[in-house]
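In UniProt numbering, the protein residues as written are 1 to 359. Ideal Cβ positions, reconstructed from N, Cα and C, are used throughout, including at glycine. All values derive from a computational prediction rather than experimental measurement.
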Ligand SMILES: Cc1cc2nc3c(=O)[nH]c(=O)nc-3n(C[C@H](O)[C@H](O)[C@H](O)COP(=O)(O)OP(=O)(O)OC[C@H]3O[C@@H](n4cnc5c(N)ncnc54)[C@H](O)[C@@H]3O)c2cc1C
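Printed below as a string of structure tokens:
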């Protein structure tokens with residue numbers, strides 16, 4: 001989200017310095033790896049609308065960087081009936097092309113997958129290459145004049161007359177009119193003592209890569225199955241090793257952790273649950289994972305994004321386990337907060353989070 005902001009702000013001609021505590025392309029936060037789901041399917045009008053704007057901006061990033069980032073394989077949603085009805089209602093309202101199939105039709109169309117009906121298919125879904133997107137944001141920002149400083153941590157950021165001052169781990173400092181803090185799982189550590197934040201939960205999420213039995217068969221769409229803790233799976237890109245496979249994970253139920261003290265352990269229980277799921281619902285995959293990894297979610301109680309300004313600071317985080325698909329739009333929204341031309345949904349503001357029953 002910080003790199004997306006750097007791209008959005010620098011191409012508007014703003015003077016930008018991006019400060020990242022780790023090396024470029026690191027795997028210690030939330031945005032590494034080559035595959036995240038992009039889709040329009042939300043049972044919520046705000047997010048369905050925002051996905052439309054995000055897709056336009058993804059295409060701009062692809063053109064600006066000369067890199068293909070999206071694989072438009074389509075999206076499938078099925079499972080819990082209220083959710084499916086809600087997605088269908090939002091598709092109708094937002095005029096998103098879609099079709100509704102029963103389970104048998106879906107199984108004939110996507111052999112190797114099992115369904116419980118109804119199944120919603122929409123073509124405007126697929127995957128984004130997350131690591132390549134971060135690289136594209138950063139190289140684009142650099143081309144538009146941004147200064148990128150890796151392996152340099154912000155030790156403290158505070159308001160000073162006329163703006164902000166960030167003290168850096170190498171002893172230097174950056175002063176600026178505004179600072180966007182997009183620290184992901186580290187947000188509370190960096191800002192918690194000066195900004196009242198909602199409760200932010202950092203969890204270690206486990207993902208697995210299962211090979212397709214027929215590697216030459218057409219790739220399946222991205223799938224969200226409202227079942228148990230919410231299962232998703234998608235074409236896994238490069239992460240599981242050579243050749244494509246299926247990346248699969250469960251949305252809810254990650255282990256609470258702290259970003260600097262995580263164990264990166266994949267639990268045998270989760271692995272066994274995923275093997276059972278694949279055996280039952282994905283017979284077109286070998287039921288033995290060939291790769292596994294962990295990644296961090298940072299979630300607000302409502303799972304809404306947190307985007308707001310506090311004096312000269314802009315808080316741009318956390319993106320609650322579903323932010324990747326919105327990254328270029330979040331860069332636009334935070335840049336809008338910086339320039340005053342912003343149009344951030346009120347529910348993303350601090351007041352909405354702090355005023356919510358759970359917050
Ligand atoms: C397993 C998994 C699957 C997911 N699947 C999907 C999906 O299918 N679709 C989807 O839309 N979203 C998905 N997401 C969510 C999405 O990946 C995240 O919302 C997004 O990556 C969050 O990005 P971020 O910039 O907030 O955090 P990060 O990428 O972690 O970036 C925060 C950065 O701030 C840096 N930083 C922190 N503190 C400091 C400091 N003091 N000084 C300098 N730098 C600092 C960190 O080093 C880090 O690089 C998934 C997430 C996970 C973990």
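Per the coordinates, the alpha-carbon of residue 216 lies some 51 Å from the alpha-carbon of residue 157.
Residue 106 counts as buried, since no fewer than 16 other beta carbons sit within 10 angstroms of its beta carbon. Looking at the DSSP output, residue 121 bridges to 76, 99.
Secondary structure remark: continuous beta strand (DSSP E) runs of at least 3 residues inside the region 254-300, in chain order: 291-299.
For the 8 Å CB-CB criterion, residue 331 and residue 110 do not form a contact.
Looking at the backbone, the Cα of residue 93 and that of residue 124 are separated by about 16 Å.
Following the DSSP letters along the chain, one finds residue 83 inside the alpha helix (DSSP H) bounded by residues 81-94. When rounded, the separation of the alpha-carbon atoms in residue 166 and residue 187 is 14 Å. In chain order, 46 place their CB closer than 6 Å to the CB of residue 345, counting only its own chain and leaving out the 5 sequence neighbours on each side. Runs of beta strand (DSSP E) with 3 or more residues, each lying fully within the region 312-345, are found at 313-316, listed in chain order. Between residue 71 and residue 52, the beta carbon gap of about 18 Å keeps them out of contact (Cβ cut-off 8 Å). Between the region 96-103 and the region 60-71 there are fewer than three inter-stretch CB-CB distances shorter than 8 Å, so the stretches are not counted as touching.
Cβ contact annotation for residue 68 (same chain, cutoff 7 Å, sequence separation greater than five): 62, in chain order.
For residue 354, the CB contacts under 7 Å within the same chain, skipping 5 residues up- and downstream, are 196, 198 in chain order. Looking from the CA of residue 168, the closest CA among 161, 228, 150 belongs to 150. Taking the CA atoms as reference points, residue 55 sits about 35 Å from residue 263.
Relative to the Cα of residue 302, the nearest Cα in the group 44, 138, 246 belongs to 44. Only exposed fits residue 261, as fewer than 16 other CB atoms lie within 10 angstroms of its CB.
For residue 197, DSSP assigns no beta-bridge partner whatsoever.
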